[in-house]
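Trainee: Dropping the structure in here first, questions after.
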Amino acid sequence: MIQALAFYLFATIVIVSAALTITARNPVHAVLWLILAFFNAAGLMVLVGAEFIAMLLVIVYVGAVAVLFLFVVMMLNIDFAELRAGFVRYAALGAVLAIGLAAEIMVAFGAWSAGKIELARRAAPTPETVPNIEAIGMLLYTRYLFVFEGAGLVLLVAMIGAIVLTHRDRTGSRKQNIARQNARRPQDATRNTQPTVGGGIDL
Amino acid sequence: MNASLLMSLPELVLSVGAIALMLVSAWGGQASTRLVSWASVAVLIGAGIALMGPASSGGSAFGGLYRADAFAAFAKVLIYGASAVAIILAPRFFAIGSGDDLRPEYPVLILLSAAGMGMMVSAGDLLTLYVGLELQSLAAYVLASFMRRDVRSAEAGLKYFVLGALASGILLYGISLVYGFSGTTLFSSIATAYGAGQSLGLTFGLVFVFAGLAFKMSAVPFHMWTPDVYEGAPTPVTAFFASAPKVAAIGLAVRVAVEAMGPATDQWRQIVIFAALASIIFGAVAAIGQTNVKRLLAYSSINNVGFVLIGLAAGTQEGVAAVLFYLTVYIVMTLGSFIVVLQMKDSEGQPVETIASLAGLSRSRPALALAMATFMFSLAGIPPLLGFNAKLAVFNAAVHGGLYPLAVAGFVASVIGAYYYLRVVKVMYFDAPGEAYSGRATPVESLLVTLAALFVSPVGWLTLGALGVWTNTAAKALF
């Protein structure tokens, strides 16, 4: 009962917020609706027992992708009105794509109901008794340790690369030197002068 | 676990060394470049020493993810050697070149790339394959655009990144198909699945995996990025691209073809034969009109990959041994040619890259011209230089594998390739001298170029016996 209730709650919010994502006029609002949709999709995943995918949705999609997108939308001056122009012109193409997508979904359902794919030989069958996050963790840190460390090195290279390609020492910039500011004395910084009338000051 | 760690000792040495040197460069800054460069060469030598012991004979590590056998060890020796040369060549180029100075991250990135290449040639699982490939490629993208102020270098990096990402996507799609239809990512189990019978999904997976690998080794029809990237990247980086990653990509392709998809030899052989012939012919024809020596060497690398693939197409132990022998000779010739290209500087010390500027080199720099001529004759496959033996070995393997038409076609196409190599020799020896190059080679560069020229010259025949034994032992590890 409570599961059915939760399902309808999450599913309704996913559909409503997805619809609002594409209809919202303000792009920042659209991204916020998208984040709400992701959260509720994660709720749906928890309901079907795929808690790992639920966590991925929250961490990867909400935490990284959507927030990154929000930054992009807010920092870059993108003219969304211009992007939306030409709706009628491309409506036919859009319809074809939509029909194609619908057909793919139907084919996928057909394949799914036809039976499981060949997984008999797989290295690590899904354990029945252990929650799937625990099962993935046990594989990741034992059997696939080597590859996991390798993936860590890939991220390190990405970080080094980003710094190498973008970091530059700005020699011309005037950084604040607090110690120097505090050590500055009035007698070093100011000077009393007695200018003659019409003579001006020598600086 | 301890045994596994011992077997992957070369990668451990490289990655720990790279991280330690990264810290040194973070604190030492620009001034530590020289120290980090030489320390990186030492790390590469250390990784090479670590290859003796379980790393070359241990078998499977990490539950089959990693293979420590003679094949991997042989390929790693070539990779580490080429990486060390790329590090040694760099400081002088960057000091004189118009772009930024050399920064200590350069050798560190090459070390990490070498670790990735080691993972590639040791892969026993599709996951190791992919992670190794990405580690190598990601470092390579950064290296290609290392001269930030140079527009061509930035363009090369961007182009390499976009097309490399596309190749990774193709490869991953193939991997997902293979996994979906065989239910495993382990090479040995995939071989069982291929042996169990025909499946459309497995065949599609094989085609996509080979397309992705062809991209990484720049075989036609997936070569289009090569000339632009080779031309734009800093010359020492180009020398690196043309040597070590080629060995890794081809070693990986051989391992996938033989270990994972061995029962499907008839299926991949068609792809490899097509890629081989297309690479040889296209690499030869397209190089004829080139005026830039780096582009010429890029097409030369495409051409040579074609010959290597003839050895793979044979699909036998002899074929794999021929592939390894060809690769050895090829990287020596290519690195030698690039050291000569590094000497090409005008009176202001700026690098020049036109073939026309080589005119009269025989009179202004006779030793350099002789070395370049040796490399060109050897790349063209003219006896008694070692390039001929390499071509002979792959053709022999193809003939013994029953692929007579392939061997004949490859032989005929190598004649087309000879034209543009000989044109370089003609420009050096018979054209009126132009402006002489400024500067002298450093002692290290002279030593390397002399060693390379001696190796491909008839003196190199002395090494043939030992090389034959090693390549055979290495190839035997796969069968």
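Residue numbers (the working numbering), protein chains in the order written: chain S, 1 to 203; chain G, 1001 to 1479. We treat Cβ as the ideally placed atom computed from N, Cα and C, and that holds for glycine.
Exposed or buried, which one is V72 (chain S) when buried takes at least 16 other CB atoms within 10 Å?
Mentor: Looking up residue 72 (chain S) in the first sequence gives position 72. Label assigned to V72 (chain S): exposed.
Trainee: Just to confirm before moving on: does the CB-CB distance between L1480 (chain G) and V157 (chain S) stay below 8 Å?
Mentor: Past the boundaries of the shown model lies residue 1480 (chain G); chain G is included only from 1001 to 1479, so the question cannot be answered.
Trainee: Return the CA-CA distance between S1199 (chain G) and G100 (chain S), expressed in angstroms with no decimal places.
Mentor: Here the question's residue 1199 (chain G) lines up with position 199 in the second sequence. Here the question's residue 100 (chain S) lines up with position 100 in the first sequence. Cα to Cα, S1199 (chain G) sits roughly 26 Å from G100 (chain S).
Trainee: Residues of chain S with a CB under 8 Å from the CB of Y1160 (chain G): which are they?
Mentor: Along the second sequence, read from residue 1 onward, the residue named residue 1160 (chain G) stands at position 160. The CB of Y1160 (chain G) never comes closer than 8 Å to any CB in chain S; the least such distance is about 12 Å.
Trainee: In angstroms with no decimal places, state the Cα-to-Cα distance between T190 (chain S) and T171 (chain S).
Mentor: Counted from its first residue, the first sequence places residue 190 (chain S) at position 190. Counted from its first residue, the first sequence places residue 171 (chain S) at position 171. So the two alpha carbons sit approximately 28 Å from each other.
Trainee: Note down, in chain order, each residue of its chain lying with its Cβ closer than 7 Å to the Cβ of D1346 (chain G), except the 5 sequence neighbours on either side.
Mentor: Against the second sequence, residue 1346 (chain G) aligns to sequence position 346. Once the five neighbours on either side are set aside, the close Cβ partners of D1346 (chain G) are V1352, E1435 and S1438.
Trainee: Can you give me the C-alpha to C-alpha distance between R1092 (chain G) and P1234 (chain G), rounded to a whole angstrom?
Mentor: Taking the second sequence and counting its residues from 1, one reaches residue 1092 (chain G) at position 92. Taking the second sequence and counting its residues from 1, one reaches residue 1234 (chain G) at position 234. Cα-Cα distance, rounded: 12 Å.
Trainee: Name the DSSP beta bridge partners of G1059 (chain G), please?
Mentor: Here residue 1059 (chain G) refers to the residue found at position 59 of the second sequence. For G1059 (chain G), which the question treats as bridged, DSSP gives the partners G:A1068.
Trainee: If you drop the 5 nearest sequence neighbours on each side, which residues of the same chain put their C-beta closer than 6 Å to that of G1157 (chain G)?
Mentor: Translated into the one-based positions of the second sequence, residue 1157 (chain G) becomes position 157. So the qualifying residues of the chain are Y1141, A1144 and S1145.
Trainee: Extract the residue ranges of the alpha helix (DSSP H) inside the segment 1010-1057 of chain G, only unbroken runs of 4 or more that lie entirely within it.
Mentor: 1033-1050 and 1054-1057
Trainee: Using only alpha-carbon positions, find the residue among G:T1354, G:D1431, G:G1048 and G:G1306 that is nearest to G1289 (chain G).
Mentor: Along the second sequence, read from residue 1 onward, the residue named residue 1289 (chain G) stands at position 289. G1289 (chain G) has its Cα closest to that of G:T1354, out of G:T1354, G:D1431, G:G1048 and G:G1306.
Trainee: Okay, do the segment 1365-1380 of chain G and the segment 1261-1281 of chain G touch, 3+ Cβ pairs below 8 Å being the bar?
Mentor: no
Trainee: Tell me which same chain residues have a C-beta within less than 7 Å of the C-beta of I1087 (chain G), skipping the five on either side of it?
Mentor: The residue you call residue 1087 (chain G) lines up with position 87 of the second sequence. Cβ neighbours of I1087 (chain G) beyond the five flanking positions: S1037, S1040, V1041, P1107 and I1110.
Trainee: Find the residues of chain S that neighbour V1131 (chain G), judging by a C-beta separation of less than 7 Å, and give them in chain order.
Mentor: Taking the second sequence and counting its residues from 1, the one referred to as residue 1131 (chain G) is at position 131. Ordered by position in chain S, the residues that pass the 7 Å Cβ test against V1131 (chain G) are V147, G150, A151 and V154.
Trainee: Should T1226 (chain G) go down as buried or exposed, given a rule of 16 or more other Cβ atoms within 10 Å for buried?
Mentor: Here residue 1226 (chain G) is taken as the residue at index 226 of the second sequence, counted from 1. Burial call: buried.
Trainee: Cβ of I201 (chain S) less than 8 Å from any chain G Cβ?
Mentor: Residue mapping note: residue 201 (chain S) aligns to position 201 of the first sequence, counting from 1. Judged by the 8 Å Cβ criterion, I201 (chain S) is not in contact with chain G.
Trainee: Could you give the residue range of the alpha helix (DSSP H) that holds Y1304 (chain G)?
Mentor: By one-based count along the second sequence, residue 1304 (chain G) stands at place 304. Before going on, a small fix: residue 1304 (chain G) reads as Asn here, not Tyr. N1304 (chain G) -> alpha helix (DSSP H) spans V1293 to A1314.
Trainee: Taking Cβ to Cβ, would you say G1118 (chain G) is nearer than 8 Å to L1014 (chain G)?
Mentor: Residue mapping note: residue 1118 (chain G) aligns to position 118 of the second sequence, counting from 1. Residue mapping note: residue 1014 (chain G) aligns to position 14 of the second sequence, counting from 1. Taking 8 Å as the Cβ cut-off, G1118 (chain G) and L1014 (chain G) qualify as a contacting pair.
Trainee: Starting from the Cα of N26 (chain S), find the closest Cα among S:F148, S:N77 and S:E134 and give me that residue.
Mentor: Walking along the first sequence from the start, residue 26 (chain S) turns up at place 26. Closest by alpha carbon: S:N77.
Trainee: Report the CB separation of F1395 (chain G) from F1411 (chain G) in whole angstroms; it is logged as a contact under 8 Å.
Mentor: Locating residue 1395 (chain G) in the second sequence gives position 395, where the first residue counts as 1. Locating residue 1411 (chain G) in the second sequence gives position 411, where the first residue counts as 1. Right, their Cβ atoms sit about 6 Å apart.
Trainee: For S1172 (chain G), which residues does DSSP report across the bridge?
Mentor: Start at 1 with the first residue of the second sequence, and residue 1172 (chain G) comes out as number 172. Reading off the sequence shown, one finds Leu at residue 1172 (chain G), where the question assumed Ser. None, per the DSSP bridge assignment.
Trainee: Can you tell me whether Y1420 (chain G) is buried or exposed, with buried defined as 16 or more other CB within 10 angstroms of its CB?
Mentor: Taking the first residue of the second sequence as 1, we reach residue 1420 (chain G) at position 420. Flag for Y1420 (chain G) reads buried.
Trainee: With a Cβ-Cβ cutoff of 8 Å, do S1004 (chain G) and F1062 (chain G) count as a contact?
Mentor: Here the question's residue 1004 (chain G) lines up with position 4 in the second sequence. Here the question's residue 1062 (chain G) lines up with position 62 in the second sequence. Yes; because the gap between Cβ atoms is below 8 Å, this pair is in contact.
Trainee: Quick one: using the 10 Å Cβ neighbour count with 16 as the cut-off for buried, is R74 (chain S) buried or exposed?
Mentor: The sequence position of residue 74 (chain S) within the first sequence is 74, counting from 1. In the sequence on display, residue 74 (chain S) carries Met and not Arg. In summary, M74 (chain S) is exposed, with fewer than 16 beta-carbon neighbours lying within 10 Å of its beta-carbon over all protein chains present.
Trainee: Locate the alpha helix (DSSP H) running through K1391 (chain G), then write down its first and last residues.
Mentor: Start at 1 with the first residue of the second sequence, and residue 1391 (chain G) comes out as number 391. L1386 to H1400 is the span of the alpha helix (DSSP H), which, as asked, contains K1391 (chain G).
Trainee: Are the Cβ atoms of A1393 (chain G) and Y1326 (chain G) separated by less than 8 Å?
Mentor: Counted from its first residue, the second sequence places residue 1393 (chain G) at position 393. Counted from its first residue, the second sequence places residue 1326 (chain G) at position 326. Result yes, Cβ atoms of A1393 (chain G) and Y1326 (chain G) sit closer than 8 Å.
Trainee: Classify F1479 (chain G) as buried or exposed, calling it buried when 16 or more other Cβ atoms lie within 10 Å of its own Cβ.
Mentor: Taking the second sequence and counting its residues from 1, one reaches residue 1479 (chain G) at position 479. Exposed, since its Cβ has fewer than 16 Cβ neighbours within 10 Å.
Trainee: Taking 6 Å as the limit between beta carbons, can you name the residues of its chain near V1308 (chain G), skipping five residues before and five after?
Mentor: Start at 1 with the first residue of the second sequence, and residue 1308 (chain G) comes out as number 308. These residues qualify, in order along the chain: I1250, V1323 and Y1326.
Trainee: From which residue to which residue does the alpha helix (DSSP H) around F71 (chain S) run?
Mentor: Counting from 1 along the first sequence, the entry for residue 71 (chain S) is found at position 71. Where F71 (chain S) is concerned, the enclosing alpha helix (DSSP H) stretches over V67 to M75.
Trainee: Run down chain S in chain order and give the residues with a C-beta less than 9 Å from the C-beta of R1148 (chain G).
Mentor: Working through the second sequence from its first residue, we reach residue 1148 (chain G) at position 148. For R1148 (chain G), the chain S residues whose Cβ falls inside 9 Å of its Cβ are V164, L165, T166 and R168, in order along the chain.
Trainee: Give the straight-line distance between the Cα atoms of V1427 (chain G) and G1417 (chain G), rounded to the nearest whole angstrom.
Mentor: Numbered from 1 along the second sequence, position 427 holds the residue referred to as residue 1427 (chain G). Numbered from 1 along the second sequence, position 417 holds the residue referred to as residue 1417 (chain G). If you take the alpha carbons of V1427 (chain G) and G1417 (chain G), they lie about 16 Å apart.
Trainee: Work out the CA separation of V88 (chain S) and L1252 (chain G) for me, nearest whole Å.
Mentor: As a position in the second sequence, residue 1252 (chain G) is number 252, starting the count at 1. As a position in the first sequence, residue 88 (chain S) is number 88, starting the count at 1. Looking at the two C-alpha atoms, the distance is approximately 50 Å.
Trainee: For F1222 (chain G), I'd like the list of residues in its chain whose CB is within less than 6 Å of its CB, leaving aside the five on either flank, ordered along the chain.
Mentor: Reading the second sequence from its first residue, position 222 is the one you call residue 1222 (chain G). Here the set comprises A1214 and F1215.
Trainee: Let me check one thing: in DSSP terms, what residues is A1123 (chain G) bridge-paired to?
Mentor: Position 123 of the second sequence, counting from 1, holds the residue named residue 1123 (chain G). Note: A1123 (chain G) sits in a beta bridge opposite G:Y1066.
Trainee: With distances taken between CB atoms, is the gap from G1201 (chain G) to L1186 (chain G) smaller than 8 Å?
Mentor: Against the second sequence, residue 1201 (chain G) aligns to sequence position 201. Against the second sequence, residue 1186 (chain G) aligns to sequence position 186. Not a contact, by the Cβ cut-off of 8 Å.
Trainee: At a CB-CB cut-off below 9 Å, which residues of chain G make contact with R143 (chain S)?
Mentor: To locate residue 143 (chain S), count along the first sequence from 1; it is residue 143. Ordered by position in chain G, the residues that pass the 9 Å Cβ test against R143 (chain S) are F1062, G1063 and L1065.
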